[in-house]
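Heads up: the sequence shown is residues 38 to 1224, going by the numbering used here.
One structure is given here, and the rest of the page talks about it.
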Amino acid sequence: MWRGPLATALALALGVPFLATLPAAAADGPATSLRGKADSSLLKDFADHDRASFWVQLDSQADTTAARKAKTKTAMDRAVLKAKKDHAAASQADLKALLKKSGARYTSYWISNSVKVTGDRALAEEIAARPDVASVEADEPVPLPPTTKNDTPEATVDGVEWNVDRINASKVWDAYGVRGEGVVIGSLDTGVDYQHPALAAQYRGLKTDGTYDHAYNWFDATGTCPTSAPCDDFGHGTHTTGTMVGDDGGGNQVGVAPGATWIAAKACTTTDCPRDALLAAGQWMLAPTDADGENPRPDLAPDVINNSWGSTSLDTWYQAMVQAWRDAGIFPAFSNGNAGPSCDTAGSPGAYANTYASGAFDRNNRIAEFSARGPGVDGTVKPNIAAPGVNIRSAAPGGGYVAESGTSMASPHTAATVALLWSAAPALRGDVAATEAILNKSAVDVDDTSCGGTAGFNNVWGEGRLDAYAAVSAAPRDNLGALTGTVTTDGTPAAEAQVAVAGPMRATLTTKKDGTYAFPRLVAGTYTVTVSKFGYTTRTASVTVTADASLTYDAKLTTAPTGTLTGVVRSASGTEADVAIKVQGTPVRATTDAHGAYSLTLPLGSYQVSLTPLNHCAAELGTTVDMTEGTATRDLTLAARSDAFGTSCRQVTADFPTGDTKVALVQPSNAYGAVTLPFPVALYGHTYDKGWISRDGQLMFGSLWLGDNGSLPSTGGSNGALYPFWDQLAMDDASGVYTAVRGSAPHREYVVEWRDMLIARDTTRRVSFAAVMGEDGTYSFHYRGIDPSEKGYEQGTGATIGAENHGGTDGLLYALNQVSVRDNMAIRFRAEGHAVVSGTVTDANDGQPVSGATVTVARAGTTLATATTRADGAYLTQIPVPATADHTITVTAPNYGSATRTANLGSLSVLRTESALQTGAVSADSSVGWQLVVPPGERRQRTLTLTNTGSAASYTVAEKSGASWLKVSPASGTLAAGARQKITLTFDTATAKPGTVSTGTLVLTSASGRTPTVSLPLKLVVPAYRTGVDVGADAVSVDGLGDTWTQDVPYAPGSFGYVGDGTATTYTAKDIAGVSNSQEQQLLRSGRRGVTEYRFDAVPNGTYQVELGFAEPVGIKPGQRVFDVTAEGSEKVPDVDVRLEAGAIRTALAKTFTVKVTDGQLNVGFKAVTGTPLVNSIRVTQRPDMS
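Rendered as structure tokens:
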């Protein structure tokens, strides 16, 4: 079953369209919340991307019913146009204000009262919350499937195609002499091959001298044609147009109404039909515009519009468009879709009640299997009628012909039949309802109620088979007369003169090459005839046309008096050469010379003049000029183009910049290379210090993205980028991308040169160009080696040139796929209303860079920008400066003093500030920390010395975890510049358990920028046993570290002491004077020779550290005293030669080792090798940390 009508008149078409092929299934409706107004596709877009393009549909439509009361089609068209535009302007005002405030990119469509927006989810949420918004939908193009072609065309009938004969179109030609003359058919499709032999003569843009004027006759809503002329890159539109009007004057009579003329709007590409293109094309059909999209003329709207496209789902988003056409007196012909043979398969817009949709039948008068069946919206019978649609031979791009099948082929038969009707019965022109009634009544009934309906009106055939002859025969053709004549100028036939009649009906035509004109069918009555031709005076006359008679009215036009206007065109770049000047509504065109001078000669009067510069930095200009007798002078100034950020450009004279370092592009495709910028740069207020250079002419800062060129700005692609020549390029051995740095701060420049690049589409062509990015916020593009005669890819016809911001929401598009660059040309860009603040932050103590410093720029107390310094201390930020004013630049960094500067900045100001921040430089005299062994219940003290070589700085010293076994004094304070401070560290084991180890970290924190924190490791060992013996001494002593040493005693069981007959020796002061390598001189004042062992009883089992001290006082040479040291029966230190190892007499030697005790007794032995052993001190300590 069909889904019911949506809540609003417009909702997004989500289904797959048909162009003579089978469609896909319809999509589901919207969900709830933002979901209440958004479809699932948009919600997914926001889930996958930060930004998306979406459609906002307002909840109201213009009332165009008053237009139906107008007496002529042109008046109806004008009334619809005014109502639509006025309503859209009023109802969209608040929404547009919101969008402008948000900075979002948007395009308004008055025809449907909808707006296309590019923004983030937060903006979409805000829009959806508005009560005047009906829906928020994803921007999904309508996919374009391939057409169904037939290899063998059907045979012709009496020289015309079978389908033309089947609807009796040729019978209309013969019986009534009518071929569609005076009627204009619009094709809204994939475009048209306007030079096809069967279509060229019928194109309204063809002039009598064989040249073409595409203004008001052609519109490319997709922007995909390579030139301003009509094109068809898919073939579908050429085929449908051929079925309507095709006739080459020879053997190819493929069209139903070959006397009609055609115009076209391209709304579909080779893959799909974008929604915005379909809307833009529909708007244009209602009021065609000139080649610049300006000066809409409803009087040149077509009479009929053929639409051989659609969707398989029922979505009424195009319904308001169709109704606008109907209210303007334009017949809306649509195909019904190719989703048959099932019922309920009619596609939209064909399924709307306000369209006239065609199904398809074959040569044997059988309904085509693919022809979609009804019903349509709210049970409306669909199709309305059936026309030939199988194996239809018609025109194909390139001058050939092809046979294709689909309801896309059927609808053109209906559209062209309307042209025959309105040509034969001009009173019907613009009366859509009456025309539908005649088509319905004259159709040949076919009984097929398989999908509902009646024998004469059903959902398979509609009203039946189309019969053009029966329709024309049923039309009101009475009370008609003719008006003919010749227009001359000074006795010479005047071609292309316009002849307009206004009376019981209105019509306009142009004279032929011989100056003749003819209105073969006018409703009898009195008419005002107006004859005009540019350069001549206009003639007006009143004539009376009588029924069944022909009236002749000849007009002689005289040359109008003229005046001359001269002047010079200038812009910010200077005088502007090659500016195209067009006088609207006239054939007059001019181009400024090399000095910007122009001259116009025109008949007296006022004219609208448009100026289009070749220099795309200058904006186009539209102005009014008044021509008076004689010669007048008026200089014209072109404003600078700019984007929302304020970026503008100008063409300048500059030497071509070259690089000196080749960029290694990523293989195998040489697609891009990553670069680190030598200094930060700003683009659209965003600061960058790295980027990517692509082979295809992109310098990207925001993100890496490779793909085909497109318009700017766009949320797709890389964003935050420069595009000096974004095109499909290639490289050979002569090609390369090079970089260089030039200039000095704050005006350094980063050069990227693309040298001798190949144009991928034509590798015989090369181009060299460069982008120069300045740290002062400016950038420029340069071009060299451009062939001035090529007028193609080298000059930019396949390239995007411009720049865009980080989010792809703003940018300055210099040119897109058009001739835009020349040899030795340079374009310089700058950001008006912005200033650049840059500099370097250093440490005042060492002069080295400070990384991570914060730079704040403020005006009148309001922060404008915040920057962070790089590893090299550099920073840069770009700020808005609406007017010259004082700005405060403040530089701060943790543990540094601040620096402040006030400077007056205006638009384009460049300020560089070098800041040396004051800070302390507090250091500790220890870098390794402390490891102490302190027996239980004792204390030890150590000293930490702090030194400050910087500015005054506060400090604190504490154990990181607040350990109770350490006391610090003083724990905090301030060190003046150059001052020192001793810190006492007290280690206390009063509460410690024997055999335990405590660790910690002593943290020195100070206001020192380089080293604000110094961490020193701590370890406190509390041994279960420790005895130190001052060997040979007879009293207890305490060393400089606070450790106790006992007197030397012989071993007694259960205690400790020496074993053997060793002799105690006490040295004189002379003997030990100047002993080096020891801070504990007292331990060297005595010793014992000949000792064999020290024994320690009742020790806890575990790992022990044994520390031995030695010193030879006098008279010993190396080798005279050598001994081994053992412990627990194992040799620990072999061949101890104190004299040899110490290197001199009176030099201390220490030996330390560990041993494991398992029997409660520790034995340390001394075994003589040469002479007698000598020991001066021995200490054994249980080490729980060494187990």
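C-beta atoms are modelled at their ideal positions from N, C-alpha and C, and glycine is treated no differently.
What do you get for residue i, buried or exposed, if any count of 16 or more other CB atoms within 10 angstroms of its CB means buried?
i            : result
residue 1106 : Unreliable positioning characterises residue 1106 in this predicted model, as indicated by a pLDDT of 48, which lies under 50. The coordinate reading is nonetheless provided below. Under this definition residue 1106 is an exposed residue.
residue 1123 : buried
residue 608  : buried
residue 441  : buried
residue 1078 : exposed
residue 1220 : buried
residue 352  : buried
residue 1167 : exposed
residue 670  : exposed
residue 641  : exposed
residue 406  : exposed
residue 951  : exposed
residue 414  : buried
To the nearest angstrom, how far is it from the Cα of residue i to the Cα of residue j?
i            : j            : result
residue 207  : residue 291  : 11 Å
residue 449  : residue 542  : 26 Å
residue 698  : residue 790  : 10 Å
residue 562  : residue 517  : 9 Å
residue 546  : residue 691  : 53 Å
residue 8    : residue 362  : Lying outside 38 to 1224, the shown extent of the chain, residue 8 is not represented and no answer is given.
residue 956  : residue 907  : 19 Å
residue 965  : residue 1054 : 7 Å
residue 539  : residue 577  : 11 Å
residue 863  : residue 304  : 36 Å
residue 301  : residue 506  : 27 Å
residue 943  : residue 924  : 10 Å
residue 703  : residue 652  : 35 Å
residue 743  : residue 958  : 49 Å
residue 1114 : residue 1209 : 23 Å
residue 635  : residue 658  : 15 Å
What are the boundary residues of the beta strand (DSSP E) that includes residue i?
i            : result
residue 199  : Where residue 199 is concerned, there is no enclosing beta strand (DSSP E), although the alpha helix (DSSP H) it sits in stretches over 199-203.
residue 726  : 723-731
residue 257  : 255-257
residue 299  : 298-303
residue 1172 : 1167-1173
residue 924  : 922-929
Pick helix, strand or coil for residue i, following the three-state DSSP scheme.
i            : result
residue 737  : strand
residue 76   : coil
residue 880  : strand
residue 139  : helix
residue 589  : strand
residue 106  : helix
residue 598  : coil
residue 664  : strand
residue 1222 : helix
residue 124  : helix
residue 798  : coil
residue 542  : coil
residue 466  : coil
residue 281  : helix
residue 632  : coil
residue 63   : The predicted model places residue 63 with a pLDDT of 28, which falls under 50 and marks its position as unreliable; any figure quoted below should be read in that light. Coil.
Assuming residue i contacts residue j (C-beta within less than 8 Å), just tell me the rounded distance between them.
i           : j           : result
residue 876 : residue 754 : Going by Cβ atoms, the distance from residue 876 to residue 754 rounds to 33 Å, so no, they are not a contact pair.
residue 373 : residue 396 : 5 Å
residue 497 : residue 461 : Not really, about 29 Å apart at Cβ, beyond 8 Å.
residue 251 : residue 432 : Not a contact, Cβ separation roughly 19 Å.
residue 616 : residue 639 : That belief does not hold up - the Cβ atoms of residue 616 and residue 639 are roughly 17 Å apart, past 8 Å.
Locate the alpha helix (DSSP H) running through residue i, then write down its first and last residues.
i           : result
residue 312 : 312-323
residue 356 : 356-364
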